[in-house]
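Asker: According to this note's numbering, the sequence shown is numbered sequentially starting from 1373.
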Amino acid sequence: MNSIIDTVVIVVFSAFVLGIGMMFARTGTNLKSFFAGGEAVPWPIGGLSLFMSFFSAGTFVAWGSIAYQYGFVSITIQWTMAVGAMVTAFFLAPKWKKTGNLTAAEFIKQRLGITAQKTYVNIFLAVSIFSKGVVLYPVAKLVCASLGFPLMPTTVVLGFLMISYTAVGGLWAVMVTDILQFVVLLAAVLIVLPLTNEAAGGWSSFVQNAPENFFNVFNGEFNAWFIVAFSIYHIFFIGGNWTFVQRYTSVDTPVSAKKVALLFGALYIISPVIWMLPPMMFKVIDPSIMDAENAYLYVCKMVLPPGLMGLMLTGMYFSTSATANTTLNVASAVFTNDIYKSLINPAATDKQLMRVARLSSWAFGIGMILIALIIPAIGGMVEVVLSIASITAGPLLAPPIWALFSKKLSGKVTLQITISTLLLNLFLKLIFPMIAGFSFNRAEQMIMGIGIPFLLLLINELLIKKPSSDYLSYLETKTAQNNESEPTQEEVKEVKVQNRFGLRVIAGSLAFTALLVFILSFITTAGKALTAGVAVFILLAAIIPLRASKKIKIND
């Protein structure tokens, strides 16, 4: 593989994305515009951004590994995400928007009290930085393995690039680059799939030569109980994770929030099939590889010529930066809005808050890089991802979601349930196996991790007979907020200007991406027509945001 061409492709796309982020440096002048897009982000952009925020190179490493080893069950696992999104769309996303809060932490403070908020903020920031540091590692590993760069400096460079446009441009910078990243990734995978199918001898040859049980809906340790538990987990995760809540609160209405989640769910019905077929087909091509986590990389290196391999690596990196950037933006929002503004400097000016917002983005980003650097000493990607899910999802996400609907849940009970079940999950995962001599399987870990907090919340709901004092205080707070003045005409105009600018940048970015992909169609030694066709598709897609921007009337 000619790594020089691939390196040029990666550098050009990366510089382009960084430049896009810098274009939004002056559009976010206050917290609402910087962290919530003025609460007027178009729902299709919010939905695509949510999709990319959920996605990372870990998808190719973790689920690609399962696809190579077990087959179709890797698609079944990802369909649980569509289940979670659909439930969120009809029951949770509109509810979050109706709270009127900028962040989930702000809702927790108003509904459950400042003590609960402080505890949740500290845990959320720690878990977020760790979990997103985990997803930075595999993409650095992929780039290093493909282009021969050393791992540590590659991780640092990729991490700093990721932080730069988030710290400067805020939510709109994240979402615009999310859209571009989605298109680049889609283009890369649409090229990989037919080339892999050809290498496998065609669809019929793939089906005939696949291992026994390879097309089973459930397989290996990923049985029906695991899928049910993972579906429930994703209801809590997609419906309650603070990163995703921001996508529901940044649109204009509860109906738009519902559409954001519906679009995410629809994409997660289709996309896993497209993503997982290449490593599944690679099982037929080469069934002997031992390092299953690199199966996706191996198949890409086998079928992609120079230039297109760089495009695929760029897509993998961008997908990782999308999920990490969203977490950076939300972590910074939580720190700025819910710690600095609420607890440290309530009288802070917009200029001071924006300075803190950008500095905190850098601080949390550096934390992610440090975590990514120590991942090799922790264990495999699949184990880390699923362990974080089983330990933290129920204790951290279930109580705030319950509080959206319950009048009886108090801040004190919330903390008791969260801390006790979090400690219990850590004990069952880390200490119990050493004492008892055996460990629970993945399905059992997931069921207990989510089921026990849910059961305790249900018991509290049945035992308590009247609304909690925290809920009554929350009602008073919301009544006072509803009586506050509407946004000024100047603020409304600023939001419209920002949204129109964002849509135009998206259109221009897609057109530029189409040009670069079209140039690759001349350079590549295979799949020329396919690559050119993808370029035309991207160019046509650029028309959609361009037309949408023309519909925004600034002075109406």
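Backbone N, C-alpha and C fix where the C-beta goes; we use that ideal spot for every residue, glycine too.
Alpha carbons only, please: which of A1601, I1789, S1704, L1634 is nearest the one belonging to A1815?
Answerer: As a first step, residue 1815 must be located in the sequence shown, where it is residue number 443. For the residues A1601, I1789, S1704, L1634, the minimum Cα distance to A1815 belongs to A1601.
Asker: If you drop the 5 nearest sequence neighbours on each side, which residues of the same chain put their C-beta closer than 7 angstroms to that of I1934?
Answerer: Since the first and last residues shown for the chain are 1373 and 1928, residue 1934 lies out of range.
Asker: Could you give the DSSP three-state label for N1701: helix, strand or coil?
Answerer: Mapped onto the sequence shown, residue 1701 falls at position 329. Helix at N1701.
Asker: From what residue to what residue does the alpha helix (DSSP H) around S1840 run?
Answerer: Along the sequence shown, read from residue 1 onward, the residue named residue 1840 stands at position 468. No alpha helix (DSSP H) contains S1840, which DSSP labels as neither H nor E.
Asker: Determine the contact status of K1513 and T1699, defining contact as a CB-CB distance below 7 angstroms.
Answerer: Taking the sequence shown and counting its residues from 1, one reaches residue 1513 at position 141. Taking the sequence shown and counting its residues from 1, one reaches residue 1699 at position 327. No.
Asker: Suppose you measure from the CA of P1414 to the CA of V1877; what does that come to, to the nearest Å?
Answerer: Here residue 1414 refers to the residue found at position 42 when the sequence shown is read from its first residue. Here residue 1877 refers to the residue found at position 505 when the sequence shown is read from its first residue. Taking the straight line joining both Cα atoms gives about 14 angstroms.
Asker: With distances taken between CB atoms, is the gap from T1475 to A1705 smaller than 7 angstroms?
Answerer: Walking along the sequence shown from the start, residue 1475 turns up at place 103. Walking along the sequence shown from the start, residue 1705 turns up at place 333. Yes, these two residues count as a Cβ contact at 7 angstroms.
Asker: Work out the CA separation of P1678 and V1671 for me, nearest whole Å.
Answerer: Reading the sequence shown from its first residue, position 299 is the one you call residue 1671. Reading the sequence shown from its first residue, position 306 is the one you call residue 1678. For V1671 and P1678, the distance between alpha carbons rounds to 14 angstroms.
Asker: Can V1589 and T1452 be called in contact, C-beta distance under 7 angstroms?
Answerer: Here residue 1589 corresponds to residue number 217 of the sequence shown, with the count starting at 1. Here residue 1452 corresponds to residue number 80 of the sequence shown, with the count starting at 1. The answer is no: Cβ separation not under 7 angstroms.
Asker: For S1375 and K1469, what's the separation of their Cα atoms in angstroms?
Answerer: If you number the sequence shown from 1, residue 1375 lands on position 3. If you number the sequence shown from 1, residue 1469 lands on position 97. Cα-Cα distance, rounded: 47 angstroms.
Asker: Measure the alpha-carbon distance for A1408 versus V1564 and round it to whole angstroms.
Answerer: Indexing the sequence shown from 1 puts residue 1408 at position 36. Indexing the sequence shown from 1 puts residue 1564 at position 192. Low per-residue confidence applies at A1408: pLDDT is 45, beneath 50, and the placement is therefore not dependable enough to give any value.
Asker: Assign G1783 to buried or exposed, taking buried as 16 or more other Cβ atoms, counted over all protein chains shown, within 10 Å of its Cβ.
Answerer: Here residue 1783 refers to the residue found at position 411 when the sequence shown is read from its first residue. It counts as buried.
Asker: Note down, one range per segment and in chain order, each alpha helix (DSSP H) of at least 4 residues found wholly within the region 1405-1482.
Answerer: Counting only runs of 4 or more, we get 1415-1426, 1436-1442, 1445-1459, 1465-1471.
Asker: May I have the straight-line CA-CA distance separating N1402 from L1725, to the nearest angstrom?
Answerer: Mapped onto the sequence shown, residue 1402 falls at position 30. Mapped onto the sequence shown, residue 1725 falls at position 353. With a pLDDT of 48 at N1402, under the threshold of 50, the modelled position of that residue is not reliable, and the figure given next carries that caveat. Rounded to the nearest angstrom, the two C-alpha atoms are 8 angstroms apart.
Asker: On a Cα-Cα basis, can you pick out the residue from Y1509, P1659, N1613 that is closest to A1582?
Answerer: Residue 1582 sits at position 210 when you count from the first residue of the sequence shown. Checking every option, the nearest Cα to that of A1582 belongs to P1659.
Asker: How about M1424 and Q1553: do their beta carbons lie closer than 7 angstroms?
Answerer: Residue numbering aside, residue 1424 sits at position 52 when the sequence shown is read from its first letter. Residue numbering aside, residue 1553 sits at position 181 when the sequence shown is read from its first letter. Cβ distance < 7 angstroms, so M1424 and Q1553 count as in contact.
Asker: How many angstroms separate the CA atom of I1642 from the CA atom of M1395?
Answerer: Numbered from its first residue, the sequence shown carries residue 1642 at position 270. Numbered from its first residue, the sequence shown carries residue 1395 at position 23. Looking at the two C-alpha atoms, the distance is approximately 33 angstroms.
Asker: Would you check if the distance between the CB atom of G1737 and the CB atom of I1495 is smaller than 7 angstroms?
Answerer: To locate residue 1737, count along the sequence shown from 1; it is residue 365. To locate residue 1495, count along the sequence shown from 1; it is residue 123. Cβ distance not < 7 angstroms, so G1737 and I1495 don't count as in contact.
Asker: Label Q1441 either buried or exposed according to how many other C-beta atoms from any shown protein chain fall within 10 Å of its C-beta, with 16 as the threshold for buried.
Answerer: Reading the sequence shown from its first residue, position 69 is the one you call residue 1441. Buried, since its Cβ has 16 or more Cβ neighbours within 10 Å.
Asker: Are the beta-carbon atoms belonging to A1560 and M1684 less than 7 angstroms from one another?
Answerer: Start at 1 with the first residue of the sequence shown, and residue 1560 comes out as number 188. Start at 1 with the first residue of the sequence shown, and residue 1684 comes out as number 312. Yes.
Asker: Buried or exposed: T1851, going by 16 or more other Cβ atoms within 10 Å of its Cβ?
Answerer: Within the sequence shown, numbered from 1, the residue matching residue 1851 stands at position 479. With fewer than 16 Cβ atoms within 10 Å of its Cβ, T1851 is classed as exposed.
Asker: Take every Cβ of the region 1813-1830, pair it with every Cβ of the region 1759-1771, and state whether three or more of those distances are shorter than 8 angstroms.
Answerer: Because the criterion of three Cβ pairs below 8 angstroms is met, the region 1813-1830 and the region 1759-1771 touch.
Asker: Using beta-carbon positions only, say whether G1485 and D1842 come within less than 7 angstroms of one another.
Answerer: Counted from its first residue, the sequence shown places residue 1485 at position 113. Counted from its first residue, the sequence shown places residue 1842 at position 470. Contact flag set, yes.
Asker: Counting pairs of beta carbons, one from the region 1879-1899 and one from the region 1909-1920, are three or more of them closer than 8 angstroms?
Answerer: Touching, yes.
Asker: Just the C-alpha distance for V1906 and P1650, rounded to the nearest angstrom, thanks.
Answerer: What you label residue 1906 is simply residue 534 of the sequence shown in a count that begins at 1. What you label residue 1650 is simply residue 278 of the sequence shown in a count that begins at 1. Rounded to the nearest angstrom, the two C-alpha atoms are 18 angstroms apart.
Asker: Within the same chain, show all residues whose beta-carbon is closer than 7 angstroms to that of A1439, passing over the 5 residues directly before and after it, in chain order.
Answerer: Locating residue 1439 in the sequence shown gives position 67, where the first residue counts as 1. Cβ within range, chain order: S1446, M1648, P1651, M1652.
Asker: Could you check which residue in F1884, A1920, L1796 has the C-alpha nearest to that of L1911?
Answerer: Within the sequence shown, the letter at position 539 stands for residue 1911. The option with the nearest alpha carbon to L1911 is F1884.
Asker: Given that a residue counts as buried once 16 or more other Cβ atoms are within 10 Å of its Cβ, and exposed if not, what is G1410?
Answerer: As a first step, residue 1410 is located in the sequence shown; it is residue number 38 there, counting from the start. With a pLDDT of 49 at G1410, under the threshold of 50, the modelled position of that residue is not reliable, and no figure is offered here.
Asker: Looking at the structure shown, is N1654 part of a helix, part of a strand, or coil, going by DSSP?
Answerer: On the sequence shown, residue 1654 is found 282 positions in, with the first residue counted as 1. Reading off the sequence shown, one finds Phe at residue 1654, where the question assumed Asn. Reduced to three states, the DSSP call for F1654 is helix.
Asker: Do M1688 and F1432 come within 7 angstroms of each other at the CB atom, strictly closer than that value?
Answerer: For the purposes of this step, residue 1432 is taken as the residue at position 60 of the sequence shown. For the purposes of this step, residue 1688 is taken as the residue at position 316 of the sequence shown. Yes, the Cβ-Cβ distance between F1432 and M1688 is below 7 angstroms.
Asker: Should V1515 go down as buried or exposed, given a rule of 16 or more other Cβ atoms within 10 Å for buried?
Answerer: Position 143 of the sequence shown, counted from the start, is the residue given in the question as residue 1515. Buried, by the Cβ-count rule.
Asker: For the alpha helix (DSSP H) holding M1902, just list the boundary residues, first then last.
Answerer: Residue mapping note: residue 1902 aligns to position 530 of the sequence shown, counting from 1. One point to set straight first is that residue 1902 is Leu, not Met, in the sequence displayed. Start and end: 1900-1913.
Asker: What residues in its chain sit with their C-beta under 8 angstroms from that of I1924, if we drop five residues either side in the sequence?
Answerer: For the purposes of this step, residue 1924 is taken as the residue at position 552 of the sequence shown. Answer for I1924: K1868, N1871, R1872, L1875, listed in chain order.
Asker: Helix, strand or coil: which one does DSSP assign to T1401?
Answerer: Here residue 1401 corresponds to residue number 29 of the sequence shown, with the count starting at 1. Any answer about T1401 is weak, because its pLDDT of 49 lies below 50 and its placement is not dependable; what the coordinates show is given next. Correct three-state label for T1401: coil.
Asker: Between which residues of its own chain and G1443 is the CB-CB distance below 8 angstroms, once the five residues before and five after are set aside?
Answerer: For the purposes of this step, residue 1443 is taken as residue 71 along the sequence shown, with counting starting at 1. So the list reads A1582, P1583, N1585, F1586, F1587, N1588, N1591, M1652, K1655, once near-sequence residues are dropped.
Asker: Any idea if G1574 is buried or exposed, counting beta-carbon neighbours within 10 angstroms, 16 or more meaning buried?
Answerer: On the sequence shown, residue 1574 is found 202 positions in, with the first residue counted as 1. It is exposed - the Cβ of G1574 has fewer than 16 other Cβ atoms within 10 Å.
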